């Protein structure tokens, strides 16, 4: 049985490690281009008054400059458009330089009648994504910065009335939090651009203040979206697969900002970018910097040289640059409805269903006319890389005329597609929409660059296919071919340009595949360099997270088919779709391969943060078993034996599921709101579309394996360290037992004072070392004593629970250490109460040191500790900050029981009495 448990533990650790490695390594190479400065960047400090410096000594405000421009802004006589950059978690104010420098160079190149002044906030590189105690101060300081910025434009001919906010990571949430301040004027902000910002909530909520802050901000935006926030337009971009810190689903604005006011997408979908960015790369990736800068230039009103007050215009600009790019670099407010055709240019009529026009140079303009009234044809797809704005139109040819004089412009239906900066765009037309038309005309202007234009007329029944992806059973039945060669194959024949596959069966986040597009039997081209290549697009209809893959004709294309966010409940925007654009001269083979590494990566990425609560619940079940044996026999088994005896899923999960069902009943929900019970964590999973029916059982089994492995490794480490330390201290100092007892008392008192007055995590850390040293002592002494071994097992369980409190409190400790130069006392400590109570409880357990006297009655606490484990899985899986409260509650029960035992010592009885 021990071998089976060990094997299962190793398997669970392997799943976790393999999943983590997949997240950290299994993504495309970094295709972001660097953003270079031509002169040294300078950050000119903007001074505040003494009162502000005294209130916010850790923070500062700067304006960005380079060369002569730096000397210009240092005079503080500014006349541009103010943009304020707000850094994120552990971010630097210097991260504004990429956006600021590109904006400066674009002004020098385009010479418009306006320019941008980039300001940036120094927030002391605080870990606001993990620690919420400073968020309110940071928000209030940013408010002061905005007020200060606007005062610098007193002599400007057209002074601004608002500031553009750009926030990276948690900086984006601070930008939105400004509106919750009671004295904030909402008119000061009309545009917010956020980069890799977790809008939906904290990625891992380590403390209550962080969670409360973001809940308050989101609730405010939901409640005021049609009132005080109706004028604000907001853009949110996630980094895709490379961002291992903030997954894409957290950057969504769905449910927070109305679609008429906000745009959210992934950098993998942004036109002319199509790259995945890691969390820091989001601020300097040149492709994204260019997209953002172009959008900012396009929302400026040339009449006022400030941000346009037309919200519709701003939204159209942002949709153009971040979502549905028609192919023009600059936003086109309105396409010409009709195009007048030059009668001197004769059009060439193409009667084939599929044709291609490829030239190294085009010496004169061509009109290529495609008759569309054909039998067995209901759709048209056209691809062109011409750089003109108007390139496709439709007309009705009148009888007796050889060609149309005018045509209806269809260029606004174009969608820019890879490769980057190629100008390649595609238009899909249902011919039923063109019932009054006879021809579609492709306009190919004179060009000194390569031009490739292709058109394909087809029947949807032949090209729009429904394709069911192999399920888990199919994959196992065809193993190993399903993951090494192909789980299924589809042939795409030549003389075709486009296929659309509706992918059925990818209904959970854990299903992941890779598709390979392999060219076969290609007809030799006379000029292969004129042909761009093949492209695949994975379209997710319920989010703006399309992913692309582009490859030259002699390369094998590859694309990951896995979701970046779950499908929200009660929402069905359509099916997943794989669009394939191929070279007509080749036959292609589509191979769908199961991707187990991606599956494990998805498991860890989306559900790994839920494991701590389950692991603590497993420890609590093991502790209950230990207390039961202590009450019955007066001895304590190892935590591994206790977990094996009592930590089965049927002892906990059914009760949790029953409670979930009851608490989600409408009448119970109403009562919960009256008594102000917190929201169930499962509701967040449901809203994100990532909840699974079998998820609690899966996570419980994995947690059992992880806890077993953890216990085994730590026990072995303690055995080695205790042996070395025991020999060392015995030789050097002899018997230190009485001395250490006094030190123990001092350290417990010192920990209580530190936790209550200075920093909660400091007290937690001190108690951790006290328990650790006690474990070393007991481990060394237990080699010849059954009683000491039993005490070791008890304190080892306390140590494992306390270790989780220490891990969760690390951000608080780091924040305190960073701010000691300003104050020894940590302001806004979110863990003050649970940490202080926990230190007192564990200190009591250590100092009383009587966990195992005969007939000590822990029986009354069994159900309370079990209830704590149930509450843990109801309210602590997503909201990790609640886990320490359950642990402290458990340790306090044990401390109370031991204190009661010390006041009223139990009577010594025989084993026969115990059995009775």
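Residue numbers (this note's numbering): -3 to 912. C-beta atoms are modelled at their ideal positions from N, C-alpha and C, and glycine is treated no differently. Everything numeric in this text was worked out from a predicted model, so none of it was measured.
- DSSP places residue 588 in the strand class (E or B) of the three-state scheme.
- The three-state reading of DSSP puts residue 86 in coil, since its state is none of H, G, I, E or B.
- In this structure, residue 228 keeps its C-beta atom at 9 angstroms or more from the C-beta atom of residue 291.
- Here the stretch 642 to 649 makes no contact with the stretch 870 to 887; the two share fewer than three CB pairs at distances below 8 angstroms.
- Apart from sequence neighbours up to five positions away, the residues of its chain that approach residue 498 with a beta-carbon distance below 6 angstroms are 462, 571, 573, ordered along the chain.
- Its chain contains 448, 526 as the residues whose beta carbon lies nearer than 6 angstroms to that of residue 354, once the 5 sequence neighbours on both sides are disregarded; these appear in chain order.
- Out of 554, 595, 624, the CA that lies nearest to the CA of residue 16 is found in 595.
- With the rule of 3 Cβ pairs closer than 8 angstroms, the stretch 89 to 97 counts as touching the stretch 37 to 53.
- Note on the stretch 518 to 598: whole beta strand (DSSP E) runs with a minimum of 3 residues are 530 to 535, 543 to 547, 553 to 557, 572 to 577, 583 to 590, in chain order.
- With respect to the C-alpha of residue 377, the residue from 371, 384, 388 having the closest C-alpha is 388.
- In the DSSP assignment, residue 499 falls outside any alpha helix (DSSP H) and lies within the beta strand (DSSP E) extending over 494 to 500.
- The three-state secondary structure of residue 78, taken from DSSP, is strand.
- In the DSSP assignment, residue 450 falls within the unbroken beta strand (DSSP E) covering 447 to 454.
- Exposed is the label assigned to residue 336, since fewer than 16 other Cβ atoms lie within 10 Å of its Cβ.
- Looking from the CA of residue 743, the closest CA among 753, 755, 754, 759 belongs to 759.
- For residue 41, the secondary structure class from DSSP, reduced to helix, strand or coil, is strand.
- The criterion of a C-beta distance shorter than 9 angstroms is satisfied by residue 494 and residue 452.
- Between residue 582 and residue 530, the C-beta spacing is below 9 angstroms.
- Your pair residue 310 and residue 304 checks out as a contact, with CB atoms roughly 6 angstroms apart and the cut at 8 angstroms.
- Between residue 115 and residue 59, the CB-CB gap stays under 9 angstroms.
- Taking C-beta separations shorter than 6 angstroms and ignoring five residues to either side along the sequence, the partners of residue 122 in its chain run 130, following chain order.
- Contact check between the stretch 266 to 276 and the stretch 68 to 77: fewer than three CB pairs, one atom from each, fall below 8 angstroms, which does not count as touching.
- At a Cβ-Cβ threshold of 9 angstroms, residue 65 and residue 100 count as neighbours.
- For residue 383, the CB contacts under 6 angstroms within the same chain, skipping 5 residues up- and downstream, are 419 in chain order.
- In the three-state reduction of the DSSP assignment, residue 390 falls in the strand class, which pools E and B.
- Under the three-state reduction of DSSP output, residue 303 falls in the strand class.
- Residue pairing for residue 286: DSSP places it in no beta bridge.
- The beta carbons of residue 513 and residue 547 sit closer together than 9 angstroms.
- Contact between residue 170 and residue 159 does not hold, since the beta-carbon distance rounds to 13 angstroms and is not under 8 angstroms.
- Scanning 316, 435, 458, 398 for the CA closest to the CA of residue 348 turns up 435.
- Judged by beta-carbon spacing, residue 421 lies within the 9 angstroms limit of residue 413, meaning their Cβ atoms are closer than that value.
- Taken through DSSP and simplified to helix, strand or coil, residue 254 comes out as coil.
- Counting only runs of at least 4 residues, the stretch 201 to 250 fully encloses the following alpha helix (DSSP H) elements, listed from N- to C-terminal order: 204 to 219.
- The alpha carbon of residue 609 has as its nearest neighbour, out of 665, 590, 698, the alpha carbon of 698.
- Relative to the Cα of residue 380, the nearest Cα in the group 424, 212, 807 belongs to 424.
- In the three-state reduction of the DSSP assignment, residue 888 falls in the helix class, which pools H, G and I.
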